[in-house]
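Q:
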Amino acid sequence: MTSVSDQQPNEAWTFIDWCEATAFYHPDQSIAHHHRLFQEATASLDQRLAFEISSDKFGKWLRGEPINLRADALCAIGVLRQFARTKNRLVLNGINLVNHARLFLRSTAVCAQPFAELTPEEVDQLQIDSVFYASTDMSETLSELYQRVFPSPSQRIWGRDHDMSQLLTMLSDRQHPIVCISGTAGDGKTNLAWWAMRRAVEEGLFTHFDWVTDRSMYVDSNGEPRPTGLPALHTDSIFNSMIKHFSWDELKLRATNIASQCAQRFREGHYCLVLDNMETQGQLEHFLRALSVLVHPKVPRTSRILITSRVEYPTMNVKFMPIKGLALESVIAYIKYVEKSQNNVRLTDNERQLLAKATDGNPLFIQIAIARYARAQTHQDMRELIAHIQKGDRFYKAFQNLFGGLYDALSAAAQQIALDAAIYSEKITQEDLLSDAAMHTEDEDTFEQALAELVDQRVLVASNVRGQYTMHPLIRAYLTRVKSTS
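Spelled out as structure tokens, the structure:
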């Protein structure tokens, strides 16, 4: 049976359906518990939306009685949006907020009468959390840009102090106008980029930043693929977005030479363009070439391009900053934090250590694993769940959406070597891979090219010992499942 969280909302949904879809409601918890959560969440709402909701009134809503006041309905939408954002649910979140809020307000299954739709001012109020945006005067722009970040950034950043400092230093370096955060899917590249931009603007490094992403799907905290509703990214759409978010009003009516005109404005100001989620080397190469007009032949003094990518493509003007999963101390703290967001999840110290190792500190997959553990219909311990991760079992849909594009972009020879490499649990040597490849690779030159391709695409990571490589345990798990089904 499909749960409410997997469906699109409609006017037949009751209040409790909306609560379940946004991960606010848990049937094993009392009304009093939910009322307490509701009241705590209102403290972070814009003060124009925050209202005192009595336990009696709230209990009636959960039991199916309608919401009588539009102001109360807006407060409820604000609270549910907070939970949807935190739990990476699409209902009442991101680009769906306005359409879903309209359904909520007009549904007589929720409200006593069809209420008026959100005004533009109310949309801004709902999208701007008082704590999240209090320190900047860019609230309206940030709230709009925030809708294009998938998954939504966490309310704080974990274990990235050194990376943050390094990234801001690199963005200040005039020698490299393009900085690229590279790493495995789910390691937190997007989250780091978002918080770095927030801080860079607050500290005066840039006056504005724009955020564009090439992502039609993302994996939520339950490991399910979710559509973003975003159109495919094109060069023209990037320049048009810059014109809008950098307030280059004089360029809005121009139909020719837009790229060169944008390049001129880019060099004159303090701007940062963020290009998020380059999944393959082909995508990265294409957009680096398309955006080169912004930084070549004249390098801007104060504007920068920041890219997040799962791969690397060394080229002029680009400085790569590889990141990994969280370090052990940070990942254990993060696991404890995620536990608190799930009901009835209390892991042992040993289980946390095992989960940290199995995911290599990957924040997204830690969320997925703990959410799966919390939702399990039958009793299982975390060791059993970790075994499923390592085999790619029961997590294949999540793995496929995280790593499928990367694998599909490989040449046939590189795909086969990657599958061979996945059988080695720890040390992967070039000698072993060459021996395995002898059965299906035409010659040694083909092998060398394919091996270099795997390193460039970060499927294999060269170790400090010449001729030895490592593989991220999640990529190994995905390839293990691919091999078993091929």
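All letters in the sequence shown, in the order written, are residues 1 to 486 by the working numbering.
Glycine is no exception: its CB is placed at the ideal position from the N, C-alpha and C atoms.
Keep in mind it's a predicted model, so treat the numbers as computed, not measured.
1) Check whether the segment 315 to 324 touches the segment 177 to 196, counting contact only when three or more Cβ pairs, one atom from each stretch, lie closer than 8 Å.
2) Report the start-end ranges of each beta strand (DSSP E) in the segment 116 to 197 that is 3 residues or longer and not cut off at the edges.
3) Do the segment 147 to 164 and the segment 250 to 258 touch if we need at least three Cβ pairs shorter than 8 Å?
4) Looking at the structure shown, is P363 part of a helix, part of a strand, or coil, going by DSSP?
5) Alpha carbons only, please: which of Q264, R63, P9 and M170 is nearest the one belonging to A32?
6) Please classify Y337 as buried or exposed, where buried requires at least 16 neighbouring CB atoms within 10 angstroms.
7) Tell me where the alpha helix (DSSP H) around M242 begins and ends.
8) Taking 6 Å as the limit between beta carbons, can you name the residues of its chain near Q82, skipping five residues before and five after?
9) Based on DSSP bridge pairs, tell me the residues matched to R89.
10) Under a Cβ-count criterion, where at least 16 other Cβ atoms within 10 Å of its own Cβ denotes burial, should T308 be classed as buried or exposed?
11) Taking the beta strand (DSSP E) that T308 falls in, what are its first and last residues?
12) Do you know offhand how far I238's Cα is from V212's?
13) So what's M316 in DSSP terms, helix, strand or just coil?
14) Go ahead and pull the three-state DSSP assignment for E219.
15) Taking C19 as part of the alpha helix (DSSP H), name the residues at either end of that continuous run.
16) Please specify which runs of the alpha helix (DSSP H), each continuous and at least 4 residues long, are wholly inside the segment 265 to 299, giving them in chain order.
17) Could you have a look at D210 and say whether DSSP puts it in helix, strand or coil?
18) Who pairs with V461 in a beta bridge, going by DSSP?
19) Going by beta carbon distance, what residues of the same chain come within less than 6 Å of L294, once the five residues before and after it are set aside?
20) Can you pull the DSSP bridge partners for R226?
21) Could you check where the alpha helix (DSSP H) with Y337 kicks off and where it finishes?
22) Is N350 buried or exposed, if buried means 16 or more other CB atoms sit within 10 Å of its CB?
23) By DSSP, does I428 sit in helix, in strand, or in coil?
24) Can you check the segment 34 to 105 for any alpha helix (DSSP H) of at least 4 residues that lies completely inside it and give the ranges in chain order?
25) Of the choices W18, P473, S303 and T235, whose alpha-carbon is the least far from that of E285?
26) Please report the straight-line C-alpha distance between P227 and N401, rounded to a whole angstrom.
27) Could you check what DSSP says for M321 in three-state terms: helix, strand or coil?
28) When the Cα atoms are used, what is the spatial distance from E117 to N96?
29) Could you say which of S486, L92 and L451 lies nearest to A21 if we only look at CA atoms?
30) Is any beta-carbon of chain E found at less than 8 Å from that of E40?
31) What first and last residue would you give for the alpha helix (DSSP H) that runs through N10?
32) Below 8 Å CB to CB, which residues in the same chain sit around V311 once its five sequence neighbours on both sides are set aside?
33) Taking the beta carbon of T141 as the centre, do at least 16 other beta carbons fall within 10 Å, making it buried, or is it exposed?
34) Closer than 8 Å is the cut-off here; do at least three beta carbon pairs connect the segment 45 to 63 with the segment 186 to 204?
35) Compute the Euclidean distance between the alpha carbons of E52 and S425, then round it to the nearest angstrom.
A: This is what the structure holds:
1) yes
2) The qualifying runs are 178 to 182.
3) no
4) The answer is helix: DSSP assigns P363 an H, G or I state.
5) R63
6) A residue is called buried once 16 or more other Cβ atoms fall within 10 Å of its Cβ, and Y337, having fewer, is exposed.
7) T235 to H245
8) A41
9) Answer is none; R89 lacks a bridge partner.
10) With 16 or more Cβ atoms within 10 Å of its Cβ, T308 is classed as buried.
11) R304 to S309
12) Roughly 7 Å separates the two Cα atoms.
13) Coil at M316, not helix or strand.
14) Looking at the sequence shown, residue 219 is not Glu but Val. It is a strand residue.
15) F15 to A21
16) If we require 4 residues or more, the alpha helix (DSSP H) runs fully inside the segment 265 to 299 come out as 281 to 290.
17) strand
18) Answer is T470, bridged to V461.
19) A263 and F266
20) Paired residue(s): Y218.
21) L328 to S341
22) Under this definition N350 is an exposed residue.
23) Residue state, collapsed to three classes: strand.
24) 55 to 62 and 70 to 86
25) T235
26) 11 Å
27) Looking at M321 - three-state DSSP - the assignment turns out to be strand.
28) 14 Å
29) A21 has its Cα closest to that of L92, out of S486, L92 and L451.
30) No chain E appears in the structure shown, which is made up of a single protein chain.
31) Here N10 belongs to no alpha helix (DSSP H), and DSSP marks it neither H nor E.
32) The beta carbon of V311 sits closer than 8 Å to the beta carbons of S182, M278, E279, T280, Q281, L284, L406, D456, Q457 and R458 from its chain, once the five residues preceding and following it are set aside; these are given in chain order.
33) buried
34) With the cut-off at 8 Å, the segment 45 to 63 and the segment 186 to 204 do not touch.
35) E52 and S425 have their C-alpha atoms spaced approximately 55 Å apart.
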